[in-house]
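Trainee: Throughout, our numbering is defined as the position within the sequence shown, counted from one, plus 1.
Glycine included, every Cβ here is placed at the ideal spot set by N, Cα and C.
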Amino acid sequence: MQQTMDTTGALERKIDLTVPAAAIEREVQTRLAKLARNVKMPGFRPGKVPMKMIAATYGAQVQSEVLNDKIGEAFNSAVSASKLRVAGSPKLEPRTVEGSNDLAFSATFEVFPEIAVGDLSGVEVQRAVCPIGDAEIDSTLEIMRKQRAAYEDVARGATEGDVVVVDFKGSIDGVPFDGGTANDFTLTVGQGRMLPEFEAAVVGMTAGSTKTFPLTFPADYTATSLAGKAAEFAVTVKKVQQPVLPPLDSAFAKSLGVADGDLDKMRAEVKANLEREVASRLKARTRDSAMTALLGATSFEVPKSLVDEETQRLSEQARRDLTARGVDTDKAPALPLDLFAPQAERRVRLGLLVGEVVRAHGLQPRPDQIRKLVEEMAQSYERPQEVINWYLSDRKRLGELEGTALEENVTRWVLEKAKVVDTPVAFDELMGHTQR
């Protein structure tokens, strides 16, 4: 096998390879002979089929398999000899060598970059903090009461938090449009399920009242056929209901799984669950700050092939998510790949950087660390030991947690190197809900 290599970019390489035709022919004959031992054809016993018939039937397939294998062997041998770490898949192109029938081709590919992690001593990392006290427990219990609210009819006008049942019909230039009409549609005022102008029009309406109002769809509305267009809606309110929250009594405690209905036990369990959830969210925020600091301190080239692969993967994932939400993605316009490119580039860059930190500083997750993660996760379930057993019984499930443990190790390493600033986070912001 002959080869020559050129550096065509910061990470791009090109190898010209030649595989002798004789080697290919020998391998084709060897494989056909092996195939002849067991192949069956009408009128012949196994092993007695003439080689000419075997070659006519299977020759093209075997030839293709041998070519692919020989190309792969030649490429792998070349990059191994040069001690290159290939990133992504190579691009193969045939070449013509004058006066030769040998297999000649060019392989263009990228290599992984050499990464020198930057100095973190002057970099600031925000460590998120959010203490849990009685106020946070009370806030959580209030939300849990709202989640278990009953509703009763009221004669007053609808206000935020009310459940309203409406019939509505939308039109553009007097013509109804698809998806613009519904009967007995239920919405919670202030929940944001409908456009703000729609909800604002419903506020103050009473059961039996009707209203017509204009509404302009946002320019970036998901239904592109409606984006930016001015419409008119006719709405009839059929029912207005206000929430009735359950009292904080023993019955409520029992509904939360406290068997004897003890309110102190209820608060203790809510606090324990809340502390676990808050700790997890704080950890995620701190991790994001640490990873951003790590990225900001280190500069290196990223293989374009890996970014392209990640961009495609994110695009396909977004398409699956839209399908799961009921969007007909076969009819909807394809999302532009440029939309995912920045996220893909960041993910690839961070993955390479984290991998280098782990390798250089021996931050691979330990078995006891994985076990601790499993036990912590299991505490939020009714039967923790069953959850622990479920994870420990499957290597693939444990593998998912290894990624979490690896990120924790790298985050801890960054915090040791960087300037750490404790940053308070409001409880409502951290938990992603707004108090009413």
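With 16 other CB atoms within 10 Å as the buried threshold, where does V478 fall?
Mentor: Residue 478 lies beyond the residue range present for the chain, which begins at 2 and ends at 437; the question has no answer from this structure.
Trainee: Quick one: give me the first and last residue of the beta strand (DSSP E) that D185 is part of.
Mentor: DSSP places D185 inside the beta strand (DSSP E), whose first and last residues are V176 to T189.
Trainee: Please name the residue, chosen from T223, A150 and L196, that lies closest to L216 on a Cα-to-Cα basis.
Mentor: Here the closest residue by C-alpha is L196.
Trainee: So what does DSSP say about S394, is it helix, strand or coil?
Mentor: coil
Trainee: Less than 8 Å between the CB atoms is what I'm expecting for G119 and A361, so what's the real figure, rounded?
Mentor: That belief does not hold up - the Cβ atoms of G119 and A361 are roughly 13 Å apart, past 8 Å.
Trainee: Note down, in chain order, each residue of its chain lying with its Cβ closer than 6 Å to the Cβ of G262, except the 5 sequence neighbours on either side.
Mentor: S251, A254 and K255
Trainee: Taking only the alpha-carbon atoms, compute the straight-line gap between E270 and P248 and give it to the nearest angstrom.
Mentor: E270 and P248 have their C-alpha atoms some 18 Å from each other.
Trainee: Give me, in chain order, the residues of the same chain whose beta-carbon lies closer than 8 Å to that of P244; leave out the 5 immediate sequence neighbours on both sides.
Mentor: Once the five neighbours on either side are set aside, the close Cβ partners of P244 are K147, A150, A151, Y152, G162, D163 and V164.
Trainee: With a threshold of 16 other CB atoms inside 10 Å of the CB of T141, please say whether the residue is buried or exposed.
Mentor: It counts as buried.
Trainee: Contact check, V203 vs V167 under 8 Å by CB: the rounded distance?
Mentor: 7 Å
Trainee: Who pairs with P95 in a beta bridge, going by DSSP?
Mentor: DSSP, once it has assigned bridges, lists F106 as partnering P95.
Trainee: Please name the residue in F178, L68, P219 and T160 whose C-alpha comes closest to that of A208.
Mentor: Selected option, being the one with the closest Cα: T160.
Trainee: Nearest by alpha-carbon distance to V358: which of M292, G180 and A183 is it?
Mentor: M292
Trainee: Less than 8 Å between the C-beta atoms of K346 and V303, yes or no?
Mentor: Residue identity differs from the one stated: residue 346 is Glu in this sequence, not Lys. Yes, these two residues count as a Cβ contact at 8 Å.
Trainee: Taking a contact to mean a Cβ-Cβ separation below 8 Å, would you say G171 touches F214 in this structure?
Mentor: no
Trainee: Roughly how many angstroms lie between the CA atoms of V411 and L364, to the nearest whole one?
Mentor: 7 Å
Trainee: Could you give the distance in angstroms between the alpha-carbon of M52 and the alpha-carbon of N39?
Mentor: 12 Å
Trainee: First and last residue of the alpha helix (DSSP H) that includes I25?
Mentor: A22 to A37
Trainee: So, with DSSP's three-state summary, where would you put F253?
Mentor: helix
Trainee: How many Å lie between G327 and P343 at the Cα?
Mentor: 27 Å
Trainee: Please determine, among R314, P385, P177 and F301, the residue with the shortest C-alpha to C-alpha distance to P337.
Mentor: R314
Trainee: Going by C-alpha to C-alpha distance, which of R27, N77 and V415 sits closest to V124?
Mentor: V415
Trainee: Within 10 angstroms of its Cβ, does T312 collect 16 or more other Cβ (buried), or is it exposed?
Mentor: buried
Trainee: Enumerate in chain order the residues of its own chain whose CB-to-CB distance from T97 is below 8 Å, with the five nearest sequence positions on each side excluded.
Mentor: Within the same chain, and ignoring the five residues on either side of T97 in sequence, the residues whose Cβ sits closer than 8 Å to its Cβ are A105.
Trainee: So, using beta-carbon positions, are T109 and P91 closer together than 8 Å?
Mentor: Yes, the pair counts as a contact, with Cβ atoms nearer than the cut-off.
Trainee: Which residue wins for smallest C-alpha separation from L354, given the options L264, E13, A294 and F199?
Mentor: A294
Trainee: Please say whether L85 and R14 have beta carbons closer to each other than 8 Å?
Mentor: yes
Trainee: If you follow the beta strand (DSSP E) that F169 is in, where does it begin and where does it stop?
Mentor: V164 to I173
Trainee: For V426, which residues in the same chain have their Cβ closer than 6 Å to its Cβ, ignoring the five residues on either side in sequence?
Mentor: A129 and C131
Trainee: Does the beta-carbon distance from N1 to A22 come in below 8 Å?
Mentor: This structure leaves residue 1 out entirely; the chain is present only between 2 and 437.
Trainee: Who are the near neighbours of P219 in its chain, counting only those whose CB is closer than 8 Å to its CB and skipping five residues on each side?
Mentor: L196, A228 and G229
Trainee: Leaving out five residues before and five after Y222 in sequence, what residues of the same chain have Cβ atoms less than 7 Å from its Cβ?
Mentor: A228
Trainee: Among all the DSSP beta bridges, which residues are the ones paired with D7?
Mentor: K15
Trainee: By DSSP, does K373 sit in helix, in strand, or in coil?
Mentor: DSSP places K373 in helix when its eight states are reduced to three.
Trainee: Mind reading off the beta-carbon distance from V279 to D154? Whole number of angstroms is fine, and I expect it under 8 Å.
Mentor: Not really, about 38 Å apart at Cβ, beyond 8 Å.
Trainee: Per DSSP, what kind of secondary structure is G89 in: helix, strand or coil?
Mentor: strand
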